[in-house]
Amino acid sequence: MTNIAQVLRFYSLNEIMDFKDQGGEYPGHNMWGYDQIKEYGYYINEINFNKESFFNKLGKKIKILNLQQQLNLLRDSNNYNIIYSPFIEDVFLLALLKTLGLYNKPIIGMGIDDHTPYKKNIFKKLRQKIVRYIYIHGIDNLLYITEKTYLKSNEYSKLKNGHSFSRSWGADLDFINSFIDKQTEPPTLDYIYSTGGSGRDYKTLIEAFAEINFNLRITTKRDMEQSITKQLTPNISINNTIKPGLDSVSIMRKEYYDALAVAIPLNGAIQNAPIGLTVIWEALAMGKPIICTKNQLHQFDYEKEKVGFIINDKDIEGWKQCIKYLINNPDEAKEMGARGRYLCEKKYNYKLFSKEIIERVNYWNHQHDIEYKTLKRKFKQPTL
-17 MTNIAQVLRF
-7 YSLNEIMDFK
3 DQGGEYPGHN
13 MWGYDQIKEY
23 GYYINEINFN
33 KESFFNKLGK
43 KIKILNLQQQ
53 LNLLRDSNNY
63 NIIYSPFIED
73 VFLLALLKTL
83 GLYNKPIIGM
93 GIDDHTPYKK
103 NIFKKLRQKI
113 VRYIYIHGID
123 NLLYITEKTY
133 LKSNEYSKLK
143 NGHSFSRSWG
153 ADLDFINSFI
163 DKQTEPPTLD
173 YIYSTGGSGR
183 DYKTLIEAFA
193 EINFNLRITT
203 KRDMEQSITK
213 QLTPNISINN
223 TIKPGLDSVS
233 IMRKEYYDAL
243 AVAIPLNGAI
253 QNAPIGLTVI
263 WEALAMGKPI
273 ICTKNQLHQF
283 DYEKEKVGFI
293 INDKDIEGWK
303 QCIKYLINNP
313 DEAKEMGARG
323 RYLCEKKYNY
333 KLFSKEIIER
343 VNYWNHQHDI
353 EYKTLKRKFK
363 QPTL
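Residue -11 in our numbering sits at position 7 of the sequence shown; the count goes up by one each step and never skips.
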C-alpha cells in the first residue's frame, strides 16, 4: 500500500476523525484533501508534531518552520512514498535537500502565495529569491491556490513542468449543508458579518459602520488592537472569545447563516497572496453576498459574477455605499447569495479540489509502481 506522509500544522487527521466520531463537525477544506485521500484508499502516515520541541524552537530562530517534523520525515523516509504538504514552508528543508539532489521522495505542495521577491532590502530580497528557487525546484507538484497566483509567479520566472493551479478550491458543502438542513427558522438577516484574522483591515470597516444604522458583528482573534475597539459604536459588536479549536468553525456557522452579507476587509498592501479566500468561500457556500477589499490574486471578479462587491483599499465611502445598497435591496442581496452558492456547487468546492490533489497522488503512486517493477526485473530473485 502507498503511504502518504501528512504534513499538517494544526491537527492530525486522526485527531479530526476522532473528533468527528464523537459527534463533532469539522470543515473538510481545513483538512486540505487528506480525508479524501484516505477515503480513496491511501494510507496516511502522520508525522508527529510538537511546536515546543527543541528542534522546532531552533527552527523558529533560523527560519525553518517545523524543523522537528522535517527531521522526523528524513528519519522515517522508508515509511512513506509521497509527501503532501499544504503549507510548503513546512517542507523547506526537504525541498532544499531535493534541490541539492540529496533527497528523492516526491513532494506535493500548495502555493498559497506567489513567492515573488518583494522586499526592498537587498539582502532580504536575495533571501527571498533563494527561497523561491528552492520551492520551485525542490517541490515536484506545486499547486497554486488560484490561477492568478500561478500566473503572477510564472510571470516573475518560468515555472517548471508539474507546477499548476487549482481550478476548484472552495468550501466543504457537506459541512455547510449539515448546518442549514438542521435550521427550523429562516435567517434573521439583521447584521453584516465579518471574520478572519490574517491581513484584515477592521479599522476601515468599523469607521464605515459608525455612520450606518445597521448592525455589524465581527469574530476575530483575541489580540485585536485596542485602538480599534475604542472606536466602537453601539451597532458594532466584536467577539474575540472563541478559542481556536476543532469546533470553532462550527460555532461560526450560525453567524454566517443569520447575516445579510459577509464583509471581508483586507489590508490592500498585501498583494502577494489571495488572503481572505476561506471566509469568501464559506460565505458563498452559505448563500451570502460578499463585500471584499480588492485583491489581485483572488479567483475571479465578484462583481462580474454578480455575487458581491469589490472595494478599493481604505475606501470608507465605498464600504458605506455597498453596505447601504444591500440593506436597501434585500431581494438583490438574496439573488447575489444564490448565484454565489451556485458557483460553489458547480465549480468551486472541496470535493472537486480534493480530486485535483488525488490526481497528483495517483500520478506519483503510478511512478512508484513503475520504478518498483523496473527494480524487480533488474534484480531478479535467485533461483534456489
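By construction, the Cβ of each residue, glycine as well, lies at the ideal position given by its N, Cα and C atoms.
Nothing here was measured: the structure is a model prediction, and the numbers come from that model.
Problem - F1 versus E299: straight-line alpha-carbon distance, rounded - result: Rounded to the nearest angstrom, the two C-alpha atoms are 44 Å apart.
Exercise for the section: Compute the distance between the beta-carbons of N123 and G144, then report whether it is under 7 Å. Expected result: Yes, they are a contact pair.
Exercise for the section: For D229, I'd like the list of residues in its chain whose CB is within less than 7 Å of its CB, leaving aside the five on either flank, ordered along the chain. Expected result: Correct list, in chain order: G6.
Problem - Ordered list of alpha helix (DSSP H) runs contained in the stretch 284 to 311, each at least 4 residues - result: Runs of the alpha helix (DSSP H) inside the stretch 284 to 311: 298 to 310.
Exercise for the section: With distances taken Cα to Cα, identify the nearest neighbour of W301 among I210, Y100 and L248. Expected result: When I210, Y100 and L248 are compared, the shortest CA-CA separation from W301 is found for L248.
Exercise for the section: Could you have a look at L325 and say whether DSSP puts it in helix, strand or coil? Expected result: Three-state result, L325: helix.
Exercise for the section: Within 10 angstroms of the Cβ of I112, are there 16 or more other Cβ atoms? Answer buried if so, exposed if not. Expected result: Answer is exposed; the Cβ neighbour count stays below 16.
Problem - Contact the stretch 52 to 70 vs the stretch 91 to 105: 3+ CB pairs below 8 Å - result: Contact between the stretch 52 to 70 and the stretch 91 to 105 is present: three or more C-beta pairs spanning the two stretches fall below 8 Å.
Practice task
Could you tell me how far apart the beta carbons of I153 and W263 are, in whole angstroms, since I believe they sit closer than 8 Å?
Solution key: Rather than Ile, the amino acid found at residue 153 in this sequence is Ala. A153 to W263, Cβ: 4 Å. Contact.
Problem - Exposed unless 16 or more other CB atoms sit within 10 angstroms - verdict on K101 - result: Exposed is the call here.
Handout entry: Unbroken stretches of the alpha helix (DSSP H), 4 residues or longer, contained in the stretch 69 to 121
Key = Here the runs fully enclosed are 74 to 81 and 104 to 120.
Exercise for the section: Spell out a yes or no on whether the stretch 232 to 242 and the stretch 327 to 346 are touching, meaning 3 or more CB-CB pairs, one atom from each, closer than 8 Å. Expected result: Not touching, per the Cβ criterion.
Problem - Between the CA atoms of I127 and D347 - distance to the nearest angstrom - result: Per the sequence shown, residue 347 should be read as Asn rather than Asp. CA-to-CA, the gap between N347 and I127 works out to about 23 Å.
Problem - Identity of the residue in P168, N221, S146 and T215 nearest Y175 by Cα - result: Closest by C-alpha distance to Y175, out of P168, N221, S146 and T215, is N221.
Exercise for the section: Within its chain, find whatever has a CB closer than 6 Å to the CB of G181; leave out the 5 residues flanking it on each side and keep chain order. Expected result: Closer than 6 Å at the Cβ level, and outside the excluded window around G181, lie L248, N249, I252 and I257.
Exercise for the section: Can you have a look at A320 and say buried or exposed, based on whether 16 or more other CB atoms are within 10 angstroms of its CB? Expected result: When all chains shown are included, A320 counts as exposed.
Exercise for the section: Quick one: grab the DSSP three-state call for I44. Expected result: If DSSP states are grouped into helix, strand and coil, I44 belongs with coil.
Handout entry: Inter-stretch contact at 8 Å, needing at least 3 Cβ pairs: the stretch 324 to 338 / the stretch 71 to 79
Key = Taking 8 Å as the limit for Cβ pairs, the verdict is that the stretch 71 to 79 does not touch the stretch 324 to 338.
Practice task
For Y85, collect the residues of the same chain with a Cβ closer than 7 Å to its Cβ; drop the 5 residues on either side in sequence, then sort them by chain order.
Solution key: The residues are L76 and L79.
Practice task
Tell me, please, whether the stretch 310 to 330 touches the stretch 268 to 285 by the rule of three or more beta-carbon pairs shorter than 8 Å.
Solution key: Judged by Cβ distances under 8 Å, the stretch 310 to 330 makes contact with the stretch 268 to 285, as three or more pairs qualify.
Exercise for the section: List the DSSP bridge partners of E28. Expected result: Residue pairing for E28: DSSP places it in a beta bridge opposite Q(-12).
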